[in-house]
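*Asks:* The structure under discussion is supplied below as structure tokens; questions concerning it will follow.
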Ligand SMILES: Cc1cc2nc3c(=O)[nH]c(=O)nc-3n(C[C@H](O)[C@H](O)[C@H](O)COP(=O)(O)OP(=O)(O)OC[C@H]3O[C@@H](n4cnc5c(N)ncnc54)[C@H](O)[C@@H]3O)c2cc1C
Ligand SMILES: Cc1cc2nc3c(=O)[nH]c(=O)nc-3n(C[C@H](O)[C@H](O)[C@H](O)COP(=O)(O)OP(=O)(O)OC[C@H]3O[C@@H](n4cnc5c(N)ncnc54)[C@H](O)[C@@H]3O)c2cc1C
Ligand SMILES: Cc1cc2nc3c(=O)[nH]c(=O)nc-3n(C[C@H](O)[C@H](O)[C@H](O)COP(=O)(O)O)c2cc1C
Ligand SMILES: Cc1cc2nc3c(=O)[nH]c(=O)nc-3n(C[C@H](O)[C@H](O)[C@H](O)COP(=O)(O)O)c2cc1C
Ligand code: FES
Ligand code: FES
């Protein structure tokens, strides 16, 4: 974990409202594990007091990149940063996805901007398939954001809400379809809206596949001291059979069968 | 008075920490009277909540310019504005300096950045002399800021704190020296630190010259509704012989012999 | 399709719930070049006292993080000059005028109320009870339920106008004060007035505000205001007017949703003189987007 | 020339006046990669209760203008696990540990104090009395001078450690509470805890925080904090520790100048994990610039 000012090398809109920001930093690049995130301090006065969590999208030869969607005032202000400007960054943070032996196939299930942390996995791991759902073709991030990652078309399953690309419908339906045929030696990594991930956990359970889900919560500190970002995680040792774990420090990735959704 | 977004045309450091910002606006340009000011909303989140008052430095063919010194976070943020960016502006505000018949000589007495409102006068009025005091030669704004205004060297009396330009000493001493010789048909306009203007008022009184001083106070609204910016002004009709007048609306220019300093 | 923005404060109707807060809008006229005053629901004038007052020494205001401190000290023209010089302008507006007033004794509140009672074209009086009671050794009347109630009774005795009572947030239990003023006859309650605050100049080691103690307002105080208004709404039956850090339609909606029947915009008028109008426009957009015809369908719909 | 930054809180000495505030610094260890913990004056740990607690449902925090709201609900490991798992690390630091604790009954405060009394390497306990008293129908103990005093007496009875009592700002008259806890034996007072607040999601019309009522902290509250601390300093003889919106050395100096003997940094730790260290450096620069050798020459030098 580092706290430092990085110098923005690129900050560019790749699809409507979706930006990639990149910077060079050897220490961070070498320290990153897949699925970790950073906390950015956006300095536009006091309008954005707290840091903003953004996943590490990709790392390549000391270049770290973030893929983010503008949804509010923080990300809006982030999108205004220009090449050469400095930004205080805290990270890498959290426990990412586990390392998986090559004989297992990793099924990546992404919903919308939830695709962000998967680039690094697609780059460094061989045996994967991507199930990627989004609203409209204009939000397809695979080309704009990760043009230099090599993959076969058969590795990718796309669904959109409006059918403008891939199959019209839910990405979780595609996932189930696939698992129905081949559920051996699979493992699921997922990131996206809660409603989607809950479904992923159900399907994983149904097909007896282990799933790892990357959760999102509003964060105060990012380092486990404020307890602002918790998720209900099963723990038989606790009186009620669960405890609140910190998404920033104990997560953001948790096993799907240990998460209690309510 | 207008409330509008202007587009920054220029925002450039002319001397160390002294900037000129200019923009084109016909309505404001035509409405301005000498010694008025505007209130700028610096939009860097909530770090600068209130507007900042800045004098109208110069107006020339619909181009309005402001001359300001970076002294705190507001002016710092102002200095970051780039050509093409928008800025909300409220003004022109206040009562400026009175119009003076040509047969009177106007003695402009400026201290440091207090020089700001005088450019417009030097441009539009003929019969003036400038008494201009500042700390160090590096803060001399006459060349950097007003290069296209024509004047004779005899019209200008300079003093600096360290003697690096003009005479070493107080500008008010120069003023007195001058008045000692010629106090007929003179009128004084002054802008600068309170301590200087208080002295100007004393000298004016001593030589029986009318003086108009432009006061500075922390401002809330700039339009006379908050009563945050008052100055003690003589008024025989009030029980104590004075009242608090609003610098933003009743001023910023007041007659020197009516101001009560305490 | 016409949107209804009319709201009622007990016996009076406002053409919409957007008012201005006392001390931040002068007597209205200063804003006539900047906004259409006739578009507003109401205008609460600068706190008026029996005699003209010059107020506190300078400096009186300073910016803080997300807010500002002020200690103006009720500089105002006094009730008689208000009636002669300011009222004629205000009475012609569609926005209802609320005569915000304050005093240092219960009796003086009565005298003021009687004078205001003569004005036939106002929305009501707004009684600012956050003032030191000189006879009771300077205790803030707004923090003592008995004193607060006696001020309200005295005002009610002297005017048949709508009596809005403005509460201070600087109390342990706002419910007690709210109940007391309701029982004393208040027709509505407005809150919050400023939070007490202070700021130090580390160079001079003196206060940044001459009066030392000052009042905090602006976006910084909004969460405190929303909470107190929600508590008061759940305590009294009379209408409540929400104030505190409102600068956008979203802010205003927070207050309406927790149950405020109207809102007042204060500090925002300084940095955005068009804030009130923009809030009004924003309320209309919200209603359209959410297919709401009547703003009253928003008020008090908070789900806890 | 050596600068002296040592300050005394009654019977204990801190190597400098910069502490961290409870709930914003965990148990210290999380910061070890980011700052030199041995450089701090003191660390107040996350509010500890008798039993482990899971706290409130999510969401628990939200940003506001210049501040943030939180309703964590005292998620913590409980006093026994604190002693076993966290204390061994903390006791080795030069920064003095203050065990911040809270409970819902007076008796439980006593039990906690007794357990803490066993720890020989701490600076003291910090008693957070802003908690509902279950036996007294949920009234906040920090807002009632009698309850506050009885908590302090119970704690004093059960420990010989330094007892710092942390006050809530949500009261009409802080002087009454401060006097009561001083008379009950408090060795020092720290304040402010958070201001009560609330925020509404205008889309769902529900609270943005699951618990509805939450606590406001951060730069937004600083003016309120400075004012209350100044009042308490002028009321009691025991040392006062200033908290509330401190994020820079200038902020810290405001509190020291009005008379705080030390300060605690809270929310700033989140957005600037190096805030404490930067404050410390800033204090030193201020002393050098103003030719002050001893930080105690700054404390309480406010000229009103
Ligand atoms: C571990 C983690 C990784 C993330 N990775 C990415 C990513 O790679 N790309 C991406 O586009 N987004 C990512 N997000 C989401 C991103 O943090 C939010 O979109 C961003 O904080 C929104 O800020 P805003 O000011 O623009 O929006 P706001 O207007 O402040 O709020 C919009 C919504 O964003 C969420 N949000 C706001 N602030 C925070 C905060 N401090 N912590 C958590 N949630 C917040 C809230 O749910 C809020 O309702 C991630 C979130 C987490 C927790
Ligand atoms: C009528 C008038 C005309 C002015 N004209 C000019 C000009 O032409 N050029 C120029 O450089 N400066 C001018 N000033 C001063 C200018 O307004 C301040 O320098 C500026 O507001 C400082 O803001 P800041 O945030 O940079 O400083 P801060 O760090 O906020 O404060 C530094 C000091 O600036 C003053 N100040 C800060 N905010 C305000 C405010 N809202 N209103 C008044 N004073 C404030 C205070 O005395 C404060 O101590 C004028 C002021 C007034 C009242
Ligand atoms: C400069 C200033 C002057 C004020 N004067 C008065 C006043 O005279 N009477 C009154 O009842 N409230 C007064 N207030 C309080 C406001 O009406 C309002 O209650 C408070 O500022 C909170 O709202 P805001 O955050 O929108 O400003 C004043 C506030 C400010 C900032
Ligand atoms: C997320 C969070 C958790 C907190 N938890 C506690 C706590 O457990 N015990 C306590 O006494 N104060 C707690 N506080 C209050 C802080 O210690 C401090 O008094 C308050 O936040 C004001 O200081 P600040 O503005 O510097 O944050 C908490 C504050 C925050 C923001
Ligand atoms: S964000 Fe603070 S504990 Fe996770
Ligand atoms: S700044 Fe508000 S009255 Fe002058």
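Chains as they are written, first to last, in my numbering: chain P, -17 to 244; chain R, -17 to 244; chain S, 90 to 393; chain G, 90 to 393. Using N, Cα and C, we set each Cβ at its ideal position, and we do this for glycine too.
1. Report the option in G:254, G:122, G:312 whose CA atom is closest to the CA atom of residue 290 (chain S).
2. At which residue ranges does the region 123 to 151 of chain S contain complete beta strand (DSSP E) runs of 3 or more residues, listed in the order of the chain?
3. Following the continuous beta strand (DSSP E) through residue 101 (chain P), name the residue where it begins and the one where it ends.
4. Can you find the residues in the same chain that come closer than 8 Å, C-beta to C-beta, to residue 68 (chain R), ignoring five residues on each side of it along the sequence?
5. Hey, could you find the ends of the beta strand (DSSP E) residue 110 (chain P) is sitting in?
6. Can you say whether residue 293 (chain S) is buried or exposed, counting buried as having 16 or more other CB atoms within 10 angstroms of its CB?
7. Check whether the Cβ atoms of residue 168 (chain P) and residue 87 (chain P) sit closer than 9 Å, and answer yes or no.
8. Note down, in chain order, each residue of its chain lying with its Cβ closer than 6 Å to the Cβ of residue 51 (chain P), except the 5 sequence neighbours on either side.
9. Would the beta-carbon of residue 153 (chain G) be found less than 8 Å away from any heavy atom of ligand 4?
10. Is residue 366 (chain G) near residue 128 (chain G), with beta carbons less than 9 Å apart?
11. Which of the three DSSP states is assigned to residue -16 (chain R) in this structure?
12. Look up residue 224 (chain P) in the DSSP assignment and say whether it is helix, strand or coil.
13. Quick one: using the 10 Å Cβ neighbour count with 16 as the cut-off for buried, is residue 246 (chain P) buried or exposed?
14. If you measure between the beta carbons of residue 281 (chain G) and residue 310 (chain G), is that distance less than 9 Å?
15. Flag residue 257 (chain G) as yes if its beta-carbon sits less than 9 Å from any beta-carbon of chain P, otherwise no.
16. If we count the other Cβ atoms within 10 Å of its Cβ and call it buried at 16 or more, is residue 202 (chain S) buried or exposed?
17. Contact criterion: CB-CB distance below 9 Å. Does residue 200 (chain P) meet it with respect to chain G?
18. With burial defined as no fewer than 16 other Cβ atoms inside 10 Å of the residue's Cβ, what is the status of residue 393 (chain G): buried or exposed?
19. State buried or exposed for residue 304 (chain R), treating a residue as buried only when at least 16 other CB atoms are found within 10 Å of its CB.
20. Please determine, among S:219, S:326, S:344, S:178, the residue with the shortest C-alpha to C-alpha distance to residue 332 (chain S).
21. Should residue 237 (chain S) be flagged as near chain G, meaning a C-beta pair shorter than 9 Å?
22. Output the distance between the C-alpha atoms of residue 229 (chain G) and residue 100 (chain G), rounded to the nearest integer angstrom.
23. If we cut at 9 Å on Cβ distances, does residue 135 (chain G) have a partner in chain P?
24. Round the Cβ separation of residue 200 (chain S) and residue 239 (chain S) to the nearest angstrom and send it over; I've been treating them as touching at under 8 Å.
25. Pairs of beta-carbons, one from the region 28 to 46 of chain P and one from the region 7 to 15 of chain P, closer than 8 Å: are there three or more?
26. Within its chain, find whatever has a CB closer than 7 Å to the CB of residue 297 (chain G); leave out the 5 residues flanking it on each side and keep chain order.
27. Give the interface partners of residue 113 (chain S) over in chain R, defined as CB-CB distance under 9 Å, in chain order.
28. When you check each C-beta in the region 295 to 321 of chain G against every C-beta of chain S, which residues fall closer than 7 Å?
29. Does the contact criterion of 3 or more C-beta pairs under 8 Å hold for the region 154 to 172 of chain G versus the region 316 to 328 of chain S?
30. Ignore the nearest five residues each way along the sequence and tell me which others in residue 140 (chain S)'s own chain have a CB closer than 7 Å to its CB.
31. Counting only beta-carbon separations shorter than 9 Å, does residue 393 (chain S) have a partner in chain G?
32. Residues of the region 346 to 375 of chain S with a CB closer than 9 Å to any CB of chain G: list them in chain order, please.
33. Apart from the five residues just before and just after residue 24 (chain P), which ones in its own chain have a Cβ nearer than 7 Å to its Cβ?
34. Roughly how many whole angstroms lie between the Cα atoms of residue 189 (chain G) and residue -15 (chain P)?
35. Under the criterion of a Cβ to heavy atom distance below 8 Å, does residue 110 (chain S) qualify as lining ligand 6?
36. Can you confirm whether the region 206 to 214 of chain R touches the region 172 to 179 of chain R when touching is taken to mean that 3 or more C-beta pairs between the two stretches lie within less than 8 Å?
*Replies:* The relevant details are as follows:
1. Checking every option, the nearest Cα to that of residue 290 (chain S) belongs to G:312.
2. Along the length of the region 123 to 151 of chain S, whole beta strand (DSSP E) runs at least 3 residues long occupy 131 to 133, reported in chain order.
3. Looking at the DSSP string, residue 101 (chain P) is not in any beta strand (DSSP E); the run it does join, the alpha helix (DSSP H), is 100 to 106.
4. Within the same chain, -13, -12, -11, -10 come within 8 Å of residue 68 (chain R) by CB-CB distance, once the 5 residues on both sides are set aside.
5. First-last of the beta strand (DSSP E) with residue 110 (chain P): 110 to 116.
6. Answer is exposed; the Cβ neighbour count stays below 16.
7. Going by C-beta atoms, residue 168 (chain P) is nearer than 9 Å to residue 87 (chain P).
8. The beta carbon of residue 51 (chain P) lies closer than 6 Å to those of -1, 0, 95 in the same chain, with the five residues before and after it left out.
9. In this structure, ligand 4 has no non-hydrogen atom nearer than 8 Å to the beta-carbon of residue 153 (chain G).
10. Yes.
11. Strand at residue -16 (chain R).
12. Here residue 224 (chain P) sits in strand by DSSP.
13. Residue 246 (chain P) cannot be examined here, being either before or after the span of chain P that is shown, -17 to 244.
14. Against a cut-off of 9 Å, the Cβ pair of residue 310 (chain G) and residue 281 (chain G) comes out as a contact.
15. No, residue 257 (chain G) lies away from the interface with chain P (no Cβ there is under 9 Å from its Cβ).
16. Counting Cβ neighbours within 10 Å, residue 202 (chain S) comes out buried, since at least 16 surround it.
17. True, the Cβ-Cβ gap to chain G drops below 9 Å.
18. Result: exposed.
19. Past the edges of chain R, shown from -17 to 244, lies residue 304 (chain R), and the structure says nothing about it.
20. Taking residue 332 (chain S) as reference, the option from S:219, S:326, S:344, S:178 with the minimal CA-CA separation is S:344.
21. No - not a single Cβ of chain G is within 9 Å of the one on residue 237 (chain S).
22. Taking the straight line joining both Cα atoms gives about 29 Å.
23. True, the Cβ-Cβ gap to chain P drops below 9 Å.
24. So it is not a contact: roughly 15 Å between Cβ atoms.
25. Touching, yes.
26. These residues qualify, in order along the chain: 148, 151, 288, 289, 290.
27. Residues of chain R passing the Cβ test: 202, 203, 207, 208.
28. So the close ones are 295, 296, 301, 302, 305, 308, 309, 311, 312, 313, 315, 316, 319.
29. When Cβ pairs closer than 8 Å are counted between the two stretches, the region 154 to 172 of chain G is seen not to touch the region 316 to 328 of chain S, the count staying below three.
30. Excluding residues up to 5 positions away in sequence, 167 lie with their Cβ nearer than 7 Å to the Cβ of residue 140 (chain S) in the same chain.
31. At least one CB of chain G lies nearer than 9 Å to the CB of residue 393 (chain S).
32. Cβ proximity to chain G below 9 Å picks out 346, 347, 375 from the region 346 to 375 of chain S.
33. Excluding positions up to five away in sequence, the list reads 30, 34, 56, 59, 60.
34. Those two C-alpha atoms are separated by around 28 Å.
35. Incorrect: residue 110 (chain S) has no Cβ contact closer than 8 Å to ligand 6.
36. Judged by Cβ distances under 8 Å, the region 172 to 179 of chain R makes no contact with the region 206 to 214 of chain R, as fewer than three pairs qualify.
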